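Accompanying notes for the structure given below.
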Amino acid sequence: MSHLVINATELGRQRGGNESFIAGLIEGLAQLKPALRLTLLRCDWGRPVSVPPIFEQVNLGPYRQLPFLLWQQTLALRRLQADWYLANFFLPPLLPCQGAVVVHDLSFRAHPDYFPPFVSLYMKWLTGAGIRQARQVLTVSDFSRQELLRFYPTAPQKVTVIANGVGCQFQPQPSASQPQTEAAILAKYEVTQPYIFAVGNMHPRKNLARLLAAYRRLQAERAALPKMVWGGLPRWESDSLVAQAQAAGVVLPGFIEQADLPTFYRQAEMLVYPSLYEGFGLPPVEAMACGTPVIASNTTSLPEVVGNAALTVDPTQTSEIASAIARLLDDHALSQRLRQAGLDRSQQFTWSRTAQRLLAALGLDSK
């Protein structure tokens with residue numbers, strides 16, 4: 008029986024898309040129940056996260072420094088006699104088995120100005136090394152595949168698109184087993200309806216400064232306007248943006264737990280996602296699966312992901328963002344059409360399909 012080991016050290020660390028991918032892949036593999044031995048490498052830091060019993064788990068210990076963590080992975084893979092090792096972006100040294108990396112986006116190459124110089128150089132070097140070392144390189148959109156081939160020229164047949172999925176918790180109606188009411192979940196974060204929702208960390212590429220400018224423009228033009236809620240962790244460079252948002256009455260609940268995120272989508276008037284650069288863009292698809300209308304950027308991977316099921320805008324034009332928000336607030340028929348179109352579109356993205364594509368790329372689908 009083939010043995011697939013997955014780097015799951017990001018689980019429980021509030022790491023956004025990288026953590027969501029690993030959690031979703033675990034969900035998809037659990038649904039498929041492939042004839043494989045499946046093992047997760049974990050760390051004993053971060054929030055506890057339970058996983059399905061089909062996975063073995065190996066604790067790498069408390070190591071936070073990357074060199075120690077990478078070496079612990081190599082030692083664990085030797086002990087486990089793995090056939091394949093899957094990780095985000097980069098692989099450990101002296102890999103004793105076949106390796107596959109998932110490259111979610113290349114914003115650090117396309118827009119190094121969005122990052123401190125050390126971070127962009129560090130990611131450029133590690134990702135390049137991982138791609139050279141890997142037997143298979145996986146990515147999540149056709150756009151990201153083209154970016155990979157542009158920045159890291161390699162054999163095209165080595166790069167496979169597996170796309171992201173949407174978790175089963177993202178539904179238009181709450182689960183009967185949900186322990187709290189939707190109102191109680193919002194109250195926990197001091198959020199009340201109605202509201203316009205944005206989610207993601209406050210990285211410059213998320214373009215929240217222009218979203219705030221669009222919201223202020225609407226505040227000046229309209230007598231009544233729903234509150235805006237930004238869910239996500241601030242960053243070291245976002246202090247000024249946070250202060251400006253608070254001055255404009257934007258609600259900042261901080262990190263929203265995965266179990267609570269569907270409620271935020273379902274109860275929102277809309278999701279606004281004006282990102283400047285995405286490798287995929289999970290929030291628009293998650294919102295669609297919850298029956299929430301979406302406004303998204305018309306750049307990078309987002310048109311490929313949302314199709315005709317969202318309003319798309321030029322994210323560099325504050326006026327376009329503001330006009331799209333106003334249209335959805337005023338046009339009930341448009342809002343309802345996008346709700347249904349989004350539900351239909353989101354069905355194309357499942358984690359079981361992602362898992363199937365992964366196994367096929369690794370040659371494990373029939374073993």
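Counting along the sequence shown from 1, when you hit position 337 you're at 344 in my numbering, and nothing is skipped either side. Glycine included, each C-beta is placed from N, C-alpha and C at the ideal position. Note that the coordinates shown come from a computational prediction; the quantities given were computed from them, not determined experimentally.
Is residue i helix, strand or coil when you go by DSSP?
i           : result
residue 24  : helix
residue 374 : Caution is warranted here: a pLDDT of 47 is assigned to residue 374, below 50, making its placement in the model unreliable, and the coordinate value is therefore given only provisionally. Here residue 374 sits in coil by DSSP.
residue 280 : strand
residue 92  : strand
residue 72  : coil
residue 363 : helix
residue 196 : coil
residue 295 : helix
residue 81  : helix
residue 357 : strand
residue 11  : strand
residue 271 : helix
residue 209 : coil
residue 18  : coil
residue 153 : helix
residue 52  : coil
Ignore the nearest five residues each way along the sequence and tell me which others in residue i's own chain have a CB closer than 6 angstroms to its CB.
i           : result
residue 285 : 307, 308, 309
residue 33  : 58
residue 139 : none
residue 318 : 302, 331
residue 342 : 300, 335
residue 350 : 298
Does residue i pass the burial test, meaning 16 or more other C-beta atoms within 10 Å, or should it be called exposed?
i           : result
residue 207 : buried
residue 361 : buried
residue 125 : exposed
residue 237 : buried
residue 212 : buried
residue 41  : buried
residue 228 : exposed
residue 5   : With the chain represented from 8 up to 374, any question about residue 5 goes unanswered, as that position is not in the structure.
Is the beta carbon of residue i less than 9 angstroms from the beta carbon of residue j?
i           : j           : result
residue 109 : residue 89  : no
residue 320 : residue 304 : yes
residue 316 : residue 174 : no
residue 9   : residue 47  : no
residue 240 : residue 261 : yes
residue 111 : residue 25  : yes
residue 313 : residue 352 : yes
residue 209 : residue 248 : yes
residue 258 : residue 222 : no
residue 214 : residue 322 : yes
residue 85  : residue 107 : no
residue 91  : residue 166 : no
residue 131 : residue 152 : no
Just to check my reading of the structure: residue i and residue j have Cβ atoms closer than 8 angstroms, yes? What is that Cβ distance to the nearest angstrom?
i           : j           : result
residue 346 : residue 300 : 6 angstroms
residue 277 : residue 328 : Between residue 328 and residue 277 the Cβ distance is about 12 angstroms, and since that is not below 8 angstroms, they are no contact.
residue 78  : residue 99  : 7 angstroms
residue 113 : residue 154 : 5 angstroms
residue 254 : residue 226 : In fact, because the Cβ distance is near 11 angstroms, the residues do not count as touching under 8 angstroms.
Ordered along the chain, which non-local residues of its own chain (more than five positions away) have a Cβ less than 8 angstroms from that of residue i?
i           : result
residue 193 : 199, 200, 270, 271, 274
residue 373 : Here residue 373 scores only 49 on pLDDT, less than 50, and its place in the model is too uncertain to base an answer on.
residue 55  : 19
residue 287 : 24, 111, 112, 147, 148, 151, 170, 171, 308, 312
Keeping to the same chain, check which residues put their C-beta closer than 7 angstroms to that of residue i; ignore five residues upstream and five downstream.
i           : result
residue 27  : 289
residue 169 : 145, 147, 361, 364, 365, 368
residue 251 : 219
residue 51  : 66, 68, 69
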